[in-house]
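The numbers in the UniProt record's numbering rise by one with no breaks, and the one at position 74 of the sequence shown is 74.
Glycine is no exception: its CB is placed at the ideal position from the N, C-alpha and C atoms.
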Amino acid sequence: MNTREIEIASFTELLYAEAKPIWEKTHLHPFITGIANGNLPISAFIHYMKQDYLFLQEYAKLFAIASVKTARLDWSGRFAQIMTSTLQEEMSLHRGYAQRLGISQSELETAEPSFVMLAYTSYMLQIAHQGSLGEGLSALLPCMWSYQEIGKRLAQKTGVIDHPQYGEWVRMYSSDEFANSTDWLKGVLNEIARDSNKQELARMKQHFIAACKMEYLFWDMAYLEQTWP
Numbered sequence: 001m002n003t004r005e006i007e008i009a010s011f012t013e014l015l016y017a018e019a020k021p022i023w024e025k026t027h028l029h030p031f032i033t034g035i036a037n038g039n040l041p042i043s044a045f046i047h048y049m050k051q052d053y054l055f056l057q058e059y060a061k062l063f064a065i066a067s068v069k070t071a072r073l074d075w076s077g078r079f080a081q082i083m084t085s086t087l088q089e090e091m092s093l094h095r096g097y098a099q100r101l102g103i104s105q106s107e108l109e110t111a112e113p114s115f116v117m118l119a120y121t122s123y124m125l126q127i128a129h130q131g132s133l134g135e136g137l138s139a140l141l142p143c144m145w146s147y148q149e150i151g152k153r154l155a156q157k158t159g160v161i162d163h164p165q166y167g168e169w170v171r172m173y174s175s176d177e178f179a180n181s182t183d184w185l186k187g188v189l190n191e192i193a194r195d196s197n198k199q200e201l202a203r204m205k206q207h208f209i210a211a212c213k214m215e216y217l218f219w220d221m222a223y224l225e226q227t228w229p
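Encoded structure:
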């Protein structure tokens, strides 16, 4: 990936093109189509909620690390804001669902973490700690960006956004607020990419694609109600 390519298209556009086959496969995953059709087994959704609750606790730490790593005060503040939103608003969505689905707070907090959840979050945290700010953002971005894409597509399908079971989940990830945070992160990564060398860009791309694959595996784990393969 050279400077000329960065000029032709933004770095995130190039990443999107590279990841598109994985993302299109994700949109066709039975967990996602099950939400779209309203026939996702509730047991799979419960398993997802438990694992995603554990995931978000680790995911929020990535924004804390980013907030510390950046020298820009405006970026630091926004990273901290997204961390708070993840811990409060997103996890509040999960707690609300848990209450309706008969999952106790204790069950949410003490659920056995799946292999995929552990592998995915461990990978992102390792990159965030050991890599550059750009590398860390490249690893965390696929989660937010793919959820935004999934939420947007699902919201366009008739009746999905008002579904009594899954509509609230779709409304969260198709919201303007969630899109704004995702778009801001993409803008930050594009800005970092413009000042990055070829080796750094290659590492960022590598982490982005790896995280996209792990996102797919997370849906697979949830649908199969799997803890350890």
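In the structure shown, V68 falls within a helical segment according to DSSP collapsed to helix, strand and coil. At a cut-off of 3 residues, not a single continuous stretch assigned as beta strand (DSSP E) sits fully inside the region 159–210. The Cβ-Cβ distance between G38 and H163 falls below 8 angstroms. A contact between stretches requires three or more CB pairs, one per stretch, nearer than 8 angstroms, and the region 16–24 fails this requirement with the region 87–101. Within the same chain, V160 and I161 come within 8 angstroms of G167 by CB-CB distance, once the 5 residues on both sides are set aside. Bounds of the alpha helix (DSSP H) holding E18 are F11 to H27. Rounded to whole angstroms, Y147 and C212 show a C-alpha spacing of 11 angstroms.
Taking all protein chains shown into account, A202 has fewer than 16 neighbouring C-beta atoms within 10 Å of its C-beta and is therefore exposed. The C-alpha of M117 lies about 16 angstroms from the C-alpha of I127. In the three-state reduction of the DSSP assignment, I103 falls in the coil class.
Under the three-state reduction of DSSP output, Q148 falls in the helix class. E107 places its beta carbon less than 8 angstroms from that of K50.
For P229, there is no enclosing alpha helix (DSSP H), as DSSP marks it with neither H nor E. Contact annotation, L56 with P113: C-beta distance approximately 12 angstroms; criterion of less than 8 angstroms not satisfied. Relative to the Cα of Q165, the nearest Cα in the group R100, W219 and R72 belongs to R100. If you draw a straight line from the Cα of V188 to the Cα of I32, it is about 29 angstroms long. Just measuring C-alpha positions, the residue of Y59, L28, E58 and Y97 sitting nearest F45 is Y97. The DSSP-derived three-state label of E135 is helix.
A straight-line Cα-Cα distance of about 32 angstroms links S85 and P229. Bounds of the alpha helix (DSSP H) holding P30 are P30 to N37. Between L141 and L62, the beta carbon gap of about 10 angstroms keeps them out of contact (Cβ cut-off 8 angstroms).
Contact between I209 and G134 is absent: CB atoms are separated by about 15 angstroms, not below the 8 angstroms threshold. If you ignore the 5 residues before and after L137, its C-beta comes within less than 6 angstroms of the C-beta of L189, all in its own chain and listed in chain order.
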